[in-house]
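Down below is the structure, laid out as structure tokens.
8 protein chains.
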Amino acid sequence: MEESRLRELLEEVRAGDRAIDDAVAALRSLPHTDLGFAKVDHHRRLRCGFAEVVYCPGKTPEDAARIAVEILSGSDTLLMTRATTEIVTAVQDSVPDVEYHERARCLTVRRGERAPPCGSVAIVSAGTSDLPVAEEARITAEIMGAAVETSYDVGVAGLHRLLDRVESLRGARAVVVVAGMEGALPSVVGGLVDAPVIAVPTSVGYGASFGGLAALLGMLNSCAAGVSVVNIDNGFGAGYLAALINAPADD
Amino acid sequence: MEESRLRELLEEVRAGDRAIDDAVAALRSLPHTDLGFAKVDHHRRLRCGFAEVVYCPGKTPEDAARIAVEILSGSDTLLMTRATTEIVTAVQDSVPDVEYHERARCLTVRRGERAPPCGSVAIVSAGTSDLPVAEEARITAEIMGAAVETSYDVGVAGLHRLLDRVESLRGARAVVVVAGMEGALPSVVGGLVDAPVIAVPTSVGYGASFGGLAALLGMLNSCAAGVSVVNIDNGFGAGYLAALINAPADD
Amino acid sequence: MEESRLRELLEEVRAGDRAIDDAVAALRSLPHTDLGFAKVDHHRRLRCGFAEVVYCPGKTPEDAARIAVEILSGSDTLLMTRATTEIVTAVQDSVPDVEYHERARCLTVRRGERAPPCGSVAIVSAGTSDLPVAEEARITAEIMGAAVETSYDVGVAGLHRLLDRVESLRGARAVVVVAGMEGALPSVVGGLVDAPVIAVPTSVGYGASFGGLAALLGMLNSCAAGVSVVNIDNGFGAGYLAALINAPADD
Amino acid sequence: MEESRLRELLEEVRAGDRAIDDAVAALRSLPHTDLGFAKVDHHRRLRCGFAEVVYCPGKTPEDAARIAVEILSGSDTLLMTRATTEIVTAVQDSVPDVEYHERARCLTVRRGERAPPCGSVAIVSAGTSDLPVAEEARITAEIMGAAVETSYDVGVAGLHRLLDRVESLRGARAVVVVAGMEGALPSVVGGLVDAPVIAVPTSVGYGASFGGLAALLGMLNSCAAGVSVVNIDNGFGAGYLAALINAPADD
Amino acid sequence: MEESRLRELLEEVRAGDRAIDDAVAALRSLPHTDLGFAKVDHHRRLRCGFAEVVYCPGKTPEDAARIAVEILSGSDTLLMTRATTEIVTAVQDSVPDVEYHERARCLTVRRGERAPPCGSVAIVSAGTSDLPVAEEARITAEIMGAAVETSYDVGVAGLHRLLDRVESLRGARAVVVVAGMEGALPSVVGGLVDAPVIAVPTSVGYGASFGGLAALLGMLNSCAAGVSVVNIDNGFGAGYLAALINAPADD
Amino acid sequence: MEESRLRELLEEVRAGDRAIDDAVAALRSLPHTDLGFAKVDHHRRLRCGFAEVVYCPGKTPEDAARIAVEILSGSDTLLMTRATTEIVTAVQDSVPDVEYHERARCLTVRRGERAPPCGSVAIVSAGTSDLPVAEEARITAEIMGAAVETSYDVGVAGLHRLLDRVESLRGARAVVVVAGMEGALPSVVGGLVDAPVIAVPTSVGYGASFGGLAALLGMLNSCAAGVSVVNIDNGFGAGYLAALINAPADD
Amino acid sequence: MEESRLRELLEEVRAGDRAIDDAVAALRSLPHTDLGFAKVDHHRRLRCGFAEVVYCPGKTPEDAARIAVEILSGSDTLLMTRATTEIVTAVQDSVPDVEYHERARCLTVRRGERAPPCGSVAIVSAGTSDLPVAEEARITAEIMGAAVETSYDVGVAGLHRLLDRVESLRGARAVVVVAGMEGALPSVVGGLVDAPVIAVPTSVGYGASFGGLAALLGMLNSCAAGVSVVNIDNGFGAGYLAALINAPADD
Amino acid sequence: MEESRLRELLEEVRAGDRAIDDAVAALRSLPHTDLGFAKVDHHRRLRCGFAEVVYCPGKTPEDAARIAVEILSGSDTLLMTRATTEIVTAVQDSVPDVEYHERARCLTVRRGERAPPCGSVAIVSAGTSDLPVAEEARITAEIMGAAVETSYDVGVAGLHRLLDRVESLRGARAVVVVAGMEGALPSVVGGLVDAPVIAVPTSVGYGASFGGLAALLGMLNSCAAGVSVVNIDNGFGAGYLAALINAPADD
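Chains as they are written, first to last, in our numbering: chain A, 27 to 277; chain B, 27 to 277; chain C, 27 to 277; chain D, 27 to 277; chain E, 27 to 277; chain F, 27 to 277; chain G, 27 to 277; chain H, 27 to 277.
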């Protein structure tokens, strides 16, 4: 909005030629005005419930505990990811009703009455070493209100275990597939279901897995349509995205 | 093969209406028949419409045209991606009602009556060089039944152009963001909307863009939640995934 | 600015309790209002002169020519980089007073009276193959108003050629150093001068130069302080940045 | 030089039938003579038949044709890989009974009576674009005497096509699996059969496939045991190795 | 499920001896039942003996010990790879007759009468630092029933040591070659023998060996035919594959 | 200077035809003569103040302390970067007036009267984990005499926080932008200001951030002009360069 | 040399206390004085003969021809590397006695009487595709005065061919080893001779050779001592270095 | 086996003084015996003195000490590189006259009378952090008989320090240049001297130095002729090679 237009509009207001409501509407569409409360008043997210999230690495136990208390003063839910033992202890001291998910390395708080879980998110993982990442995805999707069903340890080298789960996978609105090593599982799952597949490469593997790079490249090059990829070991990102997709549209 | 069909077949056997040899033959093909039907009879996909897709590279013009004719004998819609000039000509000769989308390098056919586009997919691109990929995403999402709104040329170096489009982006059920160079746009968009963001790195750039690697890594490391990534230049994959997310759930 | 504050302000305007000038000032500081003309009204840039820039790759000759004409309808200067022979011809047809810099692959237009070049930018290059990139930097810096002095073909394997130029380099406010192969020159120059050094790796080299990656990494790891790096072959970026540094501060 | 020849020579020396100078000359060439014979008199290879191989790239058509003629003066079989159109024509002019395998880009000659193919090698490929590499493997294995069965276009995104072929794969002594993109197929096949699996990554794919690197890494990190990998697009190497494994041991 | 079983089941249905519900249940589980039997009833593997394998990393000592006990309740043999000291102790407590191979970091159990080792696998290593990987290959091949002969410390920089072993290598049905640094040994061995060569790159080396990447690339690019490659440090994979190749075909 | 010229000059001196002052001036311009005190007598640097810098890694605490004392015997200012706890203690013992900046891991000494800070450098960082690098840049720029204003925690995923700071950023002569993960911030800042932007990638991130490589590539490929890049985590280099740019030119 | 010392010296000259010859000697040792003619008057190089070298890529045929003529006006020898057909023609037109080495892509001129070749350089190559690089090394070493003996096509997969050449290699003062693919040859040669080995990786290979990277890494990680490496395909660099090593020391 | 020995043996056979069985046995071992002698009886190496070398990493202290004692039973000199504190102690216990070079992390033993150092090797390093590698090179070259002169801490950012050393460098027969970060020093030295330059990249640096990769690539792409490169941090390799070049030829 250029200054001349602005000045003109204000003069119309002063002259009584333009109603204040009308001027407010015009000025409201200034983008930044929106920016301040954008995320808060959005319907979809509100409907399914949504937690504040704290990524723990790089924070001292004291900081982590203080942030937890602060958030809970204004929110009924809290999710803390990648919590170290020290952080777990510090938060437990300050927030007695915090729940610790050891395998997922997550802390959660859910207070007050909660809407029942909605929709259906499937979380699939290839090997037992992929569990921490898969569980981080599960905890994240659940605290965002999604109903989650898990199919763990169904890697492609033993295909029958996966085929046993196909019926269950087909009911999901979003499927998170967690795999390390060659990262082939999302391609196979993507060929069996037609819900969106969110692939999570893990750093599980050795030698030429290069910390998850092999799985990451494999997933990006998936021959199955409907597959997209998040960062290596990013269970939180996958669970968050799955919950977004799963949430009922508000139209 | 659905359970009802299986039960029916067994009853025919019991009743002596079907020879055992015949039943064996029918059952032998069971696993793949089951799999083969999977995608066809699934409700969600049917509801919004869905096209057969041909990826052209590596096919001769004659092959491409023959495949097009073959598919259209059993389908009302067809999408061919990455079509070369030679393929376009060959297909146009065989399929007079084919539509050519030059910028997107796609060919489409839509016959019969079509349901009105449903939902809302936003497609955002950073620079003019990203247009072919963005258009491929648009054509793909549209032929799968999605209503699409585009916001092109809104790269982060001129932020106001993007901010002007925020209102429009916020209404979408899925947002495809196409960007080359540093690939920063999905992060910025991801912070402004809360629909799922599908990031498409493009090979646009020079020097240390390394054919899109810089954009790809940037997008995988996005600091915004709700962002996932498809392969470099994979507009089709992004459009397909967006249409899947956009399609109304069938529960 | 929240709506209540906005409404209040408008009511003060209507009531005559707040001068329009005052209201304009308040509303002006809404970030986005600025965004629209941010770059245009800024003092430093205006003082030294500044050209619109067109990056040619990916544009058709016709598009390029049309854009050139369009820009020149509102600007006295124009810079087009990476122009192909076809684009050069097309632009020359539409803009008779365009100047073609063959080695730099640039087209420029300068109309009207120009302020004399200000400050001092030095452009240094290692080998003759680095010349196109160095020249692109020179043309860019000059059209942005900088006085430029060049020292070409002074690679580190013949150190005396560089040492002969030291006196000249020491007078510069910014030094652009263009080099391929091992990219050692910016480190050596950085140790001889104390102006900011902008290093430009070039894709000159073979074998393990990997398209300029060797030079890029060398420059990023420079042992000399005061060195920063732009993208491979990005002469424009370096010239632009040098001109920014060179421009007199406006305080 | 075999021990019997050596003993004979020494006896000639002792008997005075051979001058010492002459014996010295014969013995001087000993090491390489020994090595030279090595491959020729080995039983396993001889039993199944074995062709001389020419890798065409980098050879002129004339050179290629001359080499072909030369080899055939001492051998009943010949395999030429990666033959260009020019080389095909030149060899066909010189060797009228040469057979050209267009898709595999190979030329073969088989003269005289041949033993019937022995054993069983399976060659599996993921997509139609992988065919040239798969066919190169087939031609190679066959000319080395193996009976080959192919299963093409059975990529993991349509699992039922692969499952249909399982019975056939299970009979093989060695399985060559050719795949591009994410390279997941060898892992899935490796979980279904227990013959050795030779994985061949292809350069098929785009974007972050990086010329076959994604498939290569995927295969090296296969979660299935019994899988080893050859170079990208190296159909010849895989076919050769499969034929070696397939050949009956000579003990 | 084999055809005979299927036919029998259908006849029971026709005869009224089996309720339809029961038949449906049996047929529903068809695909994976089929898959489940695959590995167990296969002849080749059974003939030479075969052990269950546990990959220890990521398992707690307690888990590892419990898994060991569980497997041994149904199997006479067990192989545990990459065992840490803690795991070794825990397993030794629970399984008194476990054997610990320190250099190979493996645990094995062999109970009951065992068939004599069959065939011949050669394991070759370049330097003393490659021994742990070579020994892991040896232990694996041996517990799968192969007769193994080792040639350690025969790197290419001292060629005579390798040439001394040629005679021995030529008798093998499969040769595992373990090498770090430049990974040249498989190429040299591949030129001396005509058995299949399984190359194992190790992470031995420093500087630009990049954790075994140099050896890996070297082996993939071997100029000798008949060489394939497994993952870096993957002695288990190589030994497993060598034992598969070594096992007599069952036709 | 060639020998003949040198000899001639000396003869003029001997003959009294050339004053010694004049000869000294001629000989002074021998490059290397300059080299010795080049950096010391340069005007621009002197005007704003400048500290000796010690990069601590690889130094023992004793060495570090001894070097600190030595430098302070001839300088009023000192900057030590990347100081470990041990080094901090050792230096504090020897230099009681040393100041320790914990977050920046820097030690500084400023003695005597100091000129007031000049110009204006802005330091912007994306996330809280980027703070150590941003603080290292701040300390460096300040001890070199620059007035610094910081805008921390203004990452692109929450754009309004950055937009709130635009006014402040626009006043700066140089802007340092510190960011990890996808490294998008410098592009966005570069589009909002027209001062030179020095981008500092940090190693903050996980998975495919590859120790800061993703951010580095993103910044090098910035779509905004006026951006250059220093090494990963190199806060010192960025602060140093910003201070150079900020220092008033001496012409 | 500090100013005070300089002034003192000049005063001694004026006073006649120091002979001009003596002063010249003192001033001569100012480094830069040397720099101008450093390479020309050095003994070792002069003794064996030495040619000016022109690297052709990036030069127009006219430029190349003009440079050739210019150099030959002051030199009896000339070497031009990587000459294209166009450059060859242009130079032949201007320099009738130029010699063209087609395989090596080099042009040479040798005029006047030449000293007989001295010392002994061996040049070894692995495959026929490595010949252009090997020949470039040979031409370079020869024009610098070295006696060269070549051993081509002696790759490690056929070891006996190399062993046949050992005697010849052992007489060399420097051995250049040229190899692509896995780059194993320098390690094997390095174990057989004790002259310095200069390894030249070539871009020969396919798939995971990555343009010579595999060979380069292999050579850098050579397990044989006495091996150093030059850039991929850099036959000139290797030949030049071999000639330097081969030249008799002048003490 | 030299020809004279061979002739003698044959004459014994002819004379009946040696049984044929015995001669066969002697001749069978011919190739490797020949190889075994190779390094021992070679003149050049013997003339300058040469030590056995032990690379310590991966060896237990006991092993290291036992190997040291064993070697010294047959050799007057010993070099052990990369010795840990534990190994140093263990060897000192077993070999009282061992000398420990702390910075170089080397152990040496020199017994008996030694020839005076011959020739001249220069060792140059860029920064203080490069010292351990430079010292390893020095110790290695010295124990192999070379006279060594060092120029440490002469990095390119302070060019005058290097220029001060030029005279000294020019006298050397081989120059080892050790540098980390951007690795520019060998290029600059290569332009100043004409002895062979052996470049040693070090892993010194941070961020985008990628463990020495930046320096390695820089050195491989050196614009100066006469430069070759050894592995990252491979001081031993460089010192060894320099000593080989330095040793007087034996013709």
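No residue lacks a Cβ here, since even glycine has one placed at the ideal position from N, Cα and C.
Using 10 angstroms around the beta-carbon of residue i, count the other beta-carbons present and answer buried if the total reaches 16, otherwise exposed.
i: F:D220; result: buried
i: C:R108; result: buried
i: E:A41; result: exposed
i: E:H69; result: Annotation note: pLDDT 36 at E:H69 (below 50); position unreliable, no value reported.
i: B:T115; result: exposed
Give the secondary structure of residue i by DSSP, where H, G and I count as helix, E and B as strand, and everything else as coil.
i: E:Y266; result: helix
i: F:V230; result: coil
i: F:V256; result: coil
i: H:E168; result: helix
i: F:M245; result: helix
i: E:A91; result: helix
i: H:T154; result: helix
Does the distance from the C-beta atom of residue i to that of residue j stay below 7 angstroms?
i: E:P87; j: E:E112; result: yes
i: G:I46; j: F:L35; result: no
i: G:M245; j: G:P212; result: yes
i: D:G197; j: D:G153; result: no
i: A:L263; j: A:V256; result: First, the amino acid is wrong: residue 263 of chain A is Gly here, not Leu. Yes, the pair counts as a contact, with Cβ atoms nearer than the cut-off.
Rounded to the nearest angstrom, how far is the Cβ of residue i from that of residue j, given a contact under 8 angstroms?
i: B:A148; j: B:V226; result: No, B:A148 and B:V226 are not in contact; Cβ-Cβ is about 13 angstroms, not under 8 angstroms.
i: B:L23; j: F:L243; result: Only positions 27 to 277 of chain B appear in this structure, which leaves residue 23 of chain B out of reach.
i: G:S120; j: G:V79; result: At roughly 18 angstroms, the Cβ-Cβ gap does not stay under 8 angstroms, so G:S120 and G:V79 are not in contact.
i: A:V192; j: A:V203; result: 13 angstroms between Cβ atoms; not a contact.
Residues in the segment 149-173 of chain H with C-beta within 8 angstroms of chain F's C-beta atoms, listed in sequence order?
T154 and S155
Mind listing which residues of the segment 76-109 of chain D have their C-beta closer than 7 angstroms to chain G's C-betas, in chain order?
G84
When Cβ atoms are compared, which residues of the segment 210-236 of chain B fall closer than 9 angstroms to chain C?
V230, G231, Y232, G233, A234, S235 and F236
Select from the segment 34-52 of chain G all residues with a C-beta closer than 7 angstroms to any C-beta belonging to chain F, and list them in chain order.
L36, E37, V39, R40, G42, I46, A49 and V50
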